[in-house]
Every structure is written in structure tokens, then in C-alpha cells.
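Asks: Those protein sequences? They're chains R and X, same order as listed. So the first sequence is residues 1 to 946, counted in full-length UniProt numbering. So the second sequence is residues 1 to 163, counted in full-length UniProt numbering. By construction, the Cβ of each residue, glycine as well, lies at the ideal position given by its N, Cα and C atoms. Quantities reported herein were computed from a predicted structural model and do not represent experimental measurements. What follows is a single structure, and I will ask about it in a moment.
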Amino acid sequence: MESFFQNTLTDLVKALRSTSLGEAAFLEAALADCKREIRSTDPHIKATALQKVTYIAMLQGSGMEWASFHCLEVMSQARFWHKQAGYLALCHSFTGHSDLLLLATNLFKKDLASQNEYEAAQALNALSRVLTPSLARDLLPDVCRALLSGRLAVRKRAVLVLHHFFRADPDTAPHSAFKALVDSLNDSETSVVCCAVNVLCELVCSSSAPSAYLPLAPPLFALLTRSSHTWLVIKLVKLFAVLAPLEPRLAARLAAPLTAILERTPAKSLAYECVRTATASLPHHPEVMALCGDKLREFIQDEDANLRYLGLLALERLLPGQAAVVAPHHGTALACLSDADPTIQAVALRLVRALVATPDDAALVSEALLRLVRGGAVEPDFQFQLMAALLDLNSRDHYALVADFAWYVSVLVELAAVPGSPHGGAVAAQLEDLALRVPDCRPDLVHHARDLLLAPSLLRGGPAHPTVSAALGAAAWITGEYAEHVRDPRGVLEALLQPNVTALPAGVQAVIVQAILKLLLHARAASSGGAASAAANAAPTVVWAPLPSTSALRAIPPEQEDAAGNPAEGGGTPDELSGAEEALPTSSNQADRAGPAAAPQLTGQDGSSDVGCPDRRGTPESSEPHVGEAPPSLAGSLEQLVRAHLGPLLESGHSAVQERAGNVAALLYLAATPTARGALHRLAAAQKEELRPVAPHAQAMVEVPPGLPLDTSLAGLAGLRAEYGMPGPPEWGPEARAREDAAAERPQTVDEGQASEDARAARAAHRQRHGQHYLANDERAPEQDTGQEKAAGATQQAPAPAPKRKPARAIVKLDEDLPPGVVRWRSGEGLPSAGSLKGGVLDQSVASLLAGKHGSAGEEVQQEKRSRSHRSKHRGSQRGPGSGGTELGSEQLGKERTGGRRQHKHHSRRSAPANAQEKEGPSLASGTGHDLPPLISFEHLSRPVT
Amino acid sequence: MIKAVLIINNVGKPRLTKFYEPVVPEKQRELIRTTYSILSKRADNLCSFVEDESAFGKGTKVVYRHYATLYFVFIVDNTESELGILDLIQVFVETLDRVFQHVCELDLVHNFPRANAVLDEIVMGGQVLETNSADVVKALSDMQKLDRQPSVTTIRAPGALRS
């Protein structure tokens, strides 16, 4: 009777649609009602309430973990729709961890064994969503029974749910479950086979070592040639896209069926996956590649946007390996950049970026990108992506793809001014980088920097230009640093002194003030020289007169500077400058070389360049202010300009700005004091030192000064190390080597001697058997194999400090030598992390299972070892994985095991000193029993932590 | 693997959501909001795929179709075939259409459990379970016979999904 008055879900929906309360308030009220109803003992009321709670949770996007227990209660009801509502609510309420689920174990067991196939289906469905490791352990036998069920609905769900067992509990699930999964490939029902292939595809694609699944290739290949179910074939083809590149014979056999499918299937989805698999696995098969190229052309030229997108995506994946197939579609890819669809634009941009290989390509693509950036027809976000691509493309490999730097500089300046651009920082970095690296483009840079600085809208910044200040800073720096290229110093200085400058970030303001300082210094130095040059009838178009040669001022002959190769070495230190001053009167021969413009100034007694007024040459000590008496020089007028506008910067709240503005003020004072002009010139000379980029490896190119004993061991530290109990250093240098050799020859104590005799004998025996794997000049290698052997053998006890060897680096080298396509042994594999462990254990068990050795738990340890030796084979023999085919028996694996260990020794031998053999060779002649210790320790190292 | 299936209407209200990986409710709401805000800006003649690394993560793609007032959205990773999922959405909508006879948004509003049951017959735990629409319809009618559920509410509206 009570249920008669209860609102059903339908009532709730109707009331929600007609409520005047507002949806949120109504749902809150309804939820409160449900929370009351759900406590009812009437199963019908409870189930209805739970159904409503699920709906409300879905609408609100709120959690319903609080109802977990009610879910379990409703799930256990006898009526089907109650059960269904319970399972649905459970799936919605589960958020990854729930202790309550343990209570449901028996319920799941009961429903899985239910006579009603739809009850079992509901249970399996919920399991796929809520499976926890403990549930997985408890329920695996029940699911395996469900796999044998006669009912299709149960069987296909049981197959699918296996995937979740692999994920939830990789330790116990694989052995029994994987076999059942493989058996399902032979099911009579296509939908069950389809589910099995789905699960396998998921496992292979997410596996860290897919080669373990190669033995499944024959049955899967048979399915591929036999089946006509589109979804099934798509999944098979996807699966082969991972497996085929690992096994050339499989790839070769795939050519025929893939071509057949490509030629006859009407399903675009299938054709697309075939193209993807064929291009991945048959890159050297010209006919197939031609067919794929044709198909891809159809795709990217299709009217359907979906096909265009997928075509571009497939082309992108072909790069950089198959550039020849992609090259004909260059134009289409560029055209797709202006597609209406942002998804297509994004993938086209990635493709275009990957396509660029030569300066010609770069110029073409850059022009196209620039047109789009300028056109304004694209979305701002995409416009910024285009800009990023443009910047990235041209700066690749230190601007290797830029043919015309003048053009690129203009592009950079244009990009800096794009409204809203977030790339100001990148533009600034490239402007500065270009100025440093490409001397030829400095005049252009300075010219364009002026344009940037003169644009009032940029200086205002704000939301229209959020990051332009960085570019302005770079422009100011370039202007100051390369002041000799400034053609309009007054205009530039006016720009730098605009009132708006104070609104820029402090760092940029500081750079601007510094640039003002540099410009003034240059003006002062040049105006004196300029007057002389005007007298010498120099070209009147040059605003700045040539600066006196830096080398002349410093009295260092240019050859000497070049020979030093490092101008900064001698630059600007006070000693050098004073030396230069002393040298000045006698350095007229160098001054001659420096050019006629610079010559007169060098005649000044104190080195000051007061040659603007030749009459005054005799009275350099005059204390009268210079400005005002002389004809108003450019420098003077610039100084006046700066003096007039420096005020706001001097009062800046930022210490760096204020400090530098103070420097400028001091400079102006000095400039007005004739006696101090010499100092100005020296300042100018100091700041004319050219900055150059330094390569990261430049240190290696510096010659070691004679007498610096870099090759000497730091033997004096030994005592200190012993005192503080620090471990010994890695051994270097001739002394350490000599000491080690002496230790090797030293007679052993009785115990040690005996142990070392055994070990040597073992090594000798091993060498005798496997001599071809030893390097010719080295016999000491096995000692460094493992720490364990050292403990057992203790052959060379060097005197304290005992030198410890670094771990053998040779592994990395050998690893790099592996041919492409071979599974690499990664250094982390020995101790996998929790994440990698799951897949790893699964793969191993899959490998052992597929090697035909699935069986009892006692055998499993053995199998695990085999599967590891299987892996070690790959790094040992450098064979393609799986090239042994499907018939890898235990005997073969057993053989490979020694191979793996051998290779291991080979790795570490590289770290042994080359002269070891002569010292130790004769003592390695006899004895047996060496094999075991390194094997054990190797196995130990590669055992995953469980 | 299919990570989530969402049905969102033209104003961003979820009509059916199903996440096949544990996702906390806040993240669920955010994903639905993000998906809607991306899809609602896309015209119907654009392609059915959206890649957005910041919203969905690397290697995850949105495959969707827009029918009348509803967006059918599948969030999938790269082990799924893009065009295959598009076909699957077609199968899903066709099945809904057969179950509700000319399905429209209101059918999904009023028959939430049943729409869920349809989806559960097609996708299970993120894997495709069945691609044959007739088999799904048969399973649903079998289930209905098992136990008299609250009857299907059928409401006709002019804007049926078949556009």
C-alpha cells in the first residue's frame, strides 16, 4: 500500500519537467525524499528509490557512494528489474575503491551461476566496471566456468570481462585466464570471437613487450583470411599493426590479405585500418605502398571531413620514415591549413611541420603560414599555433633552414606585433639569438628594432599585446648593443624615453635604460671621431662617425686578439685599460691601421679624444664645461635630450631601473666634464666588446695550460676519505692504474688465495668453453660481473682506499647498437616499478604460456626464468624478437639462457682496464665451477619485486 | 578502449552518461562541460573527431555525432578505430530507434534505465560487446519478458532524432 503513494522514476521526470522551483532545488528535494524511501524494507520501494537516486546523480553529476550498501541490498533481490536497478546503481556509485564490495562476492558468485542468462549478464557487466583485485582473485574460477556456458549472452560477456581480470590482478589471472581467452578464438559464435579479439587487441596494444604475443599470429592470421565480420577484421588488422613490424615473415605474409581487403572492401573504416597497418609493417613493399598512397590520396581529397582528417593523420604517422609517400601531398596538406575545421587544421599543421626538410620547403611553408597569420581568417588560437610553428620551424638546428635572414628578421618583428600573441618571449629570444649568431643581419635587426620601439600601440602593451614587452626589451637591447648600426639615434632615443616606458615591466625598463647608456656612450665616442671624419671628408650620409678602433684603444694588436681566440679574456679589466692608456702615445702605427678617422684622437696626451675641437688640444686639463663652447655636436644634443627626459626613470620604484638611470645621470655629468672624457672613451670601448655565443662543449676546446696536473690522482684525499669513512673514488689516472696492477700481482693471503684460485680456474674453464665471446686482450672481465662474485672470489684486494668501479657503461652502447625494431632491454627492467610490473608479469606469463608450458604452480617459477632468458636472448644475440617463430621449446630457451649471461659479461668487460690481461693472464689457467654465481645474481637482479 | 559514453543535449544537459573508468564526480562534471563547450562550437559539416590534449589527455579522442537535439559522444583511446566507433554510434542510435520507435530526446529523458540497458548491450566495460542491432533488440525484449518492468513511456515529439 505504501508503494502506491511512492513516485516512480517516470513521475519524478514528469514533475521535474513541470516544476516551478528550478531544477536544482527540485532535485535536492527529490533526493531528500529518496533518502527517506530507500531505508524502507519493501524491496519495491527501495529499488524505485535507488533508481531515482541514480537518475538524479546522473543529472547532477554528483556522487552516490553513500548509497553503496543500498545498491548491494537491491542487487540481491529476486526480481529481475530490482536486480537490474541495483547493478546499474552500483556501476554509477563505484569510484575506484569500495570495501563494501567484499560483501558482494557471494552475490556475484550466485548470479554468475544463475540459470537466467540475463542475471549472469548483469553480474558480468557490473564486474567489468567494479572489479577490484580481491574480487578478481575470488571470482576468476566462476568467470572461467561462465566461459564454458552454453548461452551466448553469458559467454561473450565472460570473454570481455577477462580483460578486466588481467588489469585488476595480473599475478594470478594470466595463466588460467589467458588460455581460456585463446580458446575462445575458436568459438562457433562470431560475436564471442569478436570479443576475444577485442580483448587481445587491447592487451597487445597496451603491452610493454608485444612480442610475447607473436606465437598467436598463426591463429589470428587464419581468422583474418577467413572472417568477413567488419568489426572483427578491423580489430585483427589493428592487432597486426603492432605485431607485424616485430616479425618480418609475418609482415610479408600479410601483404596478400591486406591488398585483397584494400581492393575489395567497401567499408572505409576497414580500408583505413588496412592502410595504417600496411604502411607500418610493409614499408619496403613498393606495390603495397603505392596502393596505400592511392588510398590516402582518395581520403585526403574526399568531400567527407572525417576521411580528410584520417587521411592527414595517416600521412603524419608515415613521417619521417616514408617521406617519399607523403611528399606528393604537400600541397594538399598546405591547403588543409585553411580548412574550416579546427581538428583538420591542427593535424595539417602537425603534418606540414613534419614535412619540412630543406630550406626550400621551409621558405614555402613559412610563406604559407605567414599568409594565414596575416590573413586573420583563422581563429586566434590557431593563429598562435601557426606562429609557434613558424618560430619553431625556422629556428630548428640553429636556423639551418633559414635562407634569407633579412626576411626572417622582418617576419619576427611582424610576429611580435600580432595582437594578443603569447609568443613575445619566443620572438625576443630569437631576435637576441640572431643578433649574436648572425652578424650580417645586425643592421636589419637594428633597423627593425627601431620600428618596434617607435610603435606607440606596442609600448602601451595591455591585453592587446600581453607579451610584447619581452620583444621590446630585446629590441632595446639590440639597439644599444649594436648602436653603430643605428641610423636615426635621436629618433630611437626619443622612443626609448617615451613616458609610456615606465609602464613596462621593470626588467624591460632596466634594459631600456641600459640601451640609452650605450647609445650615449657610442654617440660621445663617435661624435669626436665624427668631427674628425667630417674634416677628413667622410661620407656625409653617415650619422654616427666611425668609432675608434677598440683594439687601438686597448693597444692590443688585432692579431694578438685573434690568436687569443677569446676577446673577453683581455676585455675591459682595469689593468688592461690603464695599460692601454700608457701605450696610447706610442701606438700610432696601430692607430694608422685602425683608419684615418681614429688617428687624430690618439695624439691627445691623456688619451682623451677631445678632437672635436682641435684648437683645444694643448689644454686638455681645462676645467671649463665643454658643452656650449663647442659647436653643438650630435652627442651633446642627445645628452641634452636624455637629461631632459630621464627624470621619471630616476624616480622609478624599481631598484634596477633607478640604479641604471643613476648611471646614465652620472655619465651625463662626466660628459659635461672635459677632463673625464677619457674615461667615457674607455667605457665605450669596454661596452664594445662583442658578445658571442659559446658552444656547450667549448670547454673541451680550451688547451690545458702547461703544468696543470689534470692526470694526477687526488691521492692526498685518501687519508681524508678514510677519516670520514667515505667510499673510494672511481679510479682515474696513471697512478691508480699502476696501483691496481700492483695489487693484482701481490701474493694473496692463504684463504683469499685459495678462493681466488677457484674463481680464476672457473673463469679459465669458462673461457675455454666460450672463448669466441671473449675479447682478445682481456681476461679480467668476469670479475666485474657481479658484486656476488667479488664477494666469493675477492681476487684483488687493492690497498685502502679500495677502488670501486663504476657500473659498466658498455650496456648503453651495445643497446644503442641494436638494429631498429629489436626489443630493447631497458636499464629499469631489472627492478620494475609498480606500473610496469603488471604488464611485465602478464607478458611473461603469456610468453611462457604460449611457449606451450602452461601448467602447475611448481612449473611457473621455471617458466618465469625461461621467459626472462627469452628476453635476454633478444639483447644477447640481437635477433629480431619472435624470429624463432612459434615453436620455441624449452630446450632452445635453455640454450639461450647461457647466451644471455655471456652477453652480460661482455657488457661489463668493457669497463675493465685494457692492460689487465698481461698482468693476470697466466694465473687463469685451471679449475672449474665458475658458472653458477653470476647466473644466480643475474636472475636475482632481474627478478621483479612483488 | 572506450573511456566514456555521453549523450548531451543541445543546451549541455546530460541525458545519459557512462564512464568505463573510475572518474570522480567533479571530474565527470568537468568533462561533460568541456565536451559540450567544444562540441557546441562545431558546425555540423565539420569532421566527427576532436583531439584536445589539455581536456582529454594524450592519445584520447572524442568521436561524436550530432543528431537533431542530441550529441552522442564516445571518448576513446587510440586502440579504437575512429571510423569503427562512428559506425558504432550509428548502431547505437539505430537500436534506440528500434527500441523506442522513432527515438527522440524525450524518450531518453523518460526511459533512462532502458536507454542504459541498450548501451549495456552494445558496450561493456569499455569494450564493444555487440555490433548487431537486431541481436540487441532481441535481448532487450527477452529481458522485458523476464519481469514486468515499468512500461516504456513513449512520447512523440515533432523533433525526432532522424533528421
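Taking the continuous beta strand (DSSP E) assigned at F74(X), which residues delimit it?
Replies: F74(X) -> beta strand (DSSP E) spans L70 to V76.
Asks: State the DSSP-derived secondary structure class of L349(R), mapped to helix, strand or coil.
Replies: Helix.
Asks: For R317(R), tell me which candidate among R297(R), D294(R), A305(R) and V347(R) has the shortest Cα-Cα distance.
Replies: Of the candidates R297(R), D294(R), A305(R) and V347(R), the one whose C-alpha sits nearest the C-alpha of R317(R) is V347(R).
Asks: Go to H66(X), then tell me how far its beta strand (DSSP E) extends in each direction, as first and last residue.
Replies: Segment K61 to Y67, the beta strand (DSSP E) holding H66(X).
Asks: Excluding the 5 residues preceding and the 5 following E639(R) in the sequence, name in chain order all residues of the same chain whose CB lies nearer than 7 Å to its CB.
Replies: Counting only Cβ-Cβ distances below 7 Å, and skipping sequence neighbours, we find L520, L668 and A671.
Asks: For the pair the stretch 154-170 of chain R and the stretch 114-124 of chain R, tell me if three or more CB-CB distances fall below 8 Å.
Replies: Touching, yes, given that three or more Cβ pairs across the two stretches are closer than 8 Å.
Asks: I'd like to know whether the C-beta atoms of R137(R) and D99(R) end up nearer to each other than 8 Å.
Replies: Cβ atoms of R137(R) and D99(R): not closer than 8 Å.
Asks: Interface residues of chain X around W66(R) at Cβ under 9 Å?
Replies: Near W66(R) there are no residues of chain X at all, since even the closest Cβ is about 12 Å away, more than 9 Å.
Asks: Closer than 7 Å, Cβ to Cβ, to anything on chain X: give me those residues from the stretch 210-241 of chain R, in chain order.
Replies: Result list: W231, I234 and K238.
Asks: Return helix, strand or coil for N394(R), following the three-state DSSP convention.
Replies: Three-state result, N394(R): helix.
Asks: Return the chain-ordered ranges of every alpha helix (DSSP H) run that is complete within the stretch 176-230 of chain R and spans a minimum of 4 residues.
Replies: Runs found: 190-206 and 217-226.
Asks: Smallest Cα separation from K156(R): which of E723(R), L319(R), C195(R) and L270(R)?
Replies: It is C195(R) whose Cα lies nearest to the Cα of K156(R).
Asks: Taking 8 Å as the CB-CB limit, is F72(X) close to chain A?
Replies: The structure shown has no chain A; the protein chains it does contain are R and X.
Asks: What's the gap between the Cα of G22(R) and the Cα of V13(R)?
Replies: About 13 Å.
Asks: List, in chain order, every chain X residue whose beta-carbon is nearer than 7 Å to that of M58(R).
Replies: Simply P14 and T17.
Asks: Along the chain, where does the beta strand (DSSP E) containing K18(X) start, and where does it finish?
Replies: K18(X) -> beta strand (DSSP E) spans P14 to F19.
Asks: Would you tell me roughly how many angstroms separate the C-alpha atoms of residue 200(X) and S40(R), rounded to the nearest one?
Replies: One cannot answer for residue 200(X) here, as it falls past the ends of chain X, which runs 1 to 163.
Asks: Mind listing the chain X neighbours of K268(R)? Cutoff is C-beta to C-beta under 8 Å, in chain order.
Replies: Correct list: L83.
Asks: I'd like to know if the stretch 202-217 of chain R and the stretch 186-194 of chain R are in contact, where contact means that at least 3 CB-CB pairs between them fall below 8 Å.
Replies: With the cut-off at 8 Å, the stretch 202-217 of chain R and the stretch 186-194 of chain R do not touch.
Asks: Quick one: what does DSSP say S366(R) is sitting in, helix, strand or coil?
Replies: It is helical.
Asks: In whole angstroms, give me the CA-to-CA distance for H102(X) and Q90(X).
Replies: Rounded to the nearest angstrom, the two C-alpha atoms are 14 Å apart.
Asks: Could you check whether the stretch 479-486 of chain R touches the stretch 458-469 of chain R, counting it as contact only if at least three pairs of C-beta atoms, one from each stretch, sit closer than 8 Å?
Replies: In short, these stretches do not touch, since the Cβ pair count stays below three.
Asks: Measure from the alpha carbon of E247(R) to the alpha carbon of each residue in R264(R), A280(R), N663(R) and S269(R), then state which is nearest.
Replies: With distances taken between Cα atoms, E247(R) lies closest to A280(R).
Asks: Of all the residues that make up the stretch 102-122 of chain X, which are near chain R by a beta-carbon distance shorter than 8 Å?
Replies: Those residues of the stretch 102-122 of chain X that come within reach of chain R (Cβ to Cβ, closer than 8 Å) are V109, H110, F112, P113, N116, A117 and D120.
Asks: Around the Cβ of N106(R), are there at least 16 other Cβ atoms within 10 angstroms (buried) or fewer (exposed)?
Replies: Exposed, because fewer than 16 other Cβ atoms sit within 10 Å of the Cβ of N106(R).
Asks: Near D302(R), which residues of its chain fall below 8 Å by C-beta distance, leaving aside the five closest residues on each side in sequence?
Replies: For D302(R), where only same-chain residues beyond five positions count, the Cβ hits under 8 Å are R308 and G311.
Asks: Please classify D183(R) as buried or exposed, where buried requires at least 16 neighbouring CB atoms within 10 angstroms.
Replies: With fewer than 16 Cβ atoms within 10 Å of its Cβ, D183(R) is classed as exposed.
Asks: Just reading off the alpha helix (DSSP H) that K156(R) is part of, what are its end residues?
Replies: That run of the alpha helix (DSSP H) goes L152 to A168.
Asks: Between the Cα of S457(R) and those of V418(R), R145(R) and L250(R), spot the shortest distance and give me the residue it belongs to.
Replies: Of V418(R), R145(R) and L250(R), the residue nearest in Cα terms is V418(R).
Asks: Is the CB-CB distance between F165(R) and V130(R) below 8 Å?
Replies: For F165(R) and V130(R), no; Cβs fall outside 8 Å.
Asks: In chain R, what lies closer than 9 Å to Y20(X) by C-beta?
Replies: Simply S128 and R129.
Asks: Kindly indicate which three-state DSSP category K145(X) falls into: helix, strand or coil?
Replies: It is helical.
Asks: To the nearest whole angstrom, what separates the beta carbons of L415(R) and H423(R), a pair I think is in contact under 8 Å?
Replies: So it is a contact: roughly 7 Å between Cβ atoms.
Asks: By alpha-carbon positions, which one of A335(R), R396(R), L16(R) and A260(R) ends up nearest to L224(R)?
Replies: Cα-wise, what sits closest to L224(R) is A260(R).
Asks: Which whole-angstrom value is the C-beta distance of Q127(X) and V199(R), which I expect to be below 8 Å?
Replies: The pair is a contact, with the Cβ atoms about 7 Å apart (cut-off 8 Å).
Asks: Is it true that the stretch 29-38 of chain R meets the stretch 56-70 of chain R, where meeting means three or more beta-carbon pairs spaced less than 8 Å apart?
Replies: The stretch 29-38 of chain R vs the stretch 56-70 of chain R: in contact.
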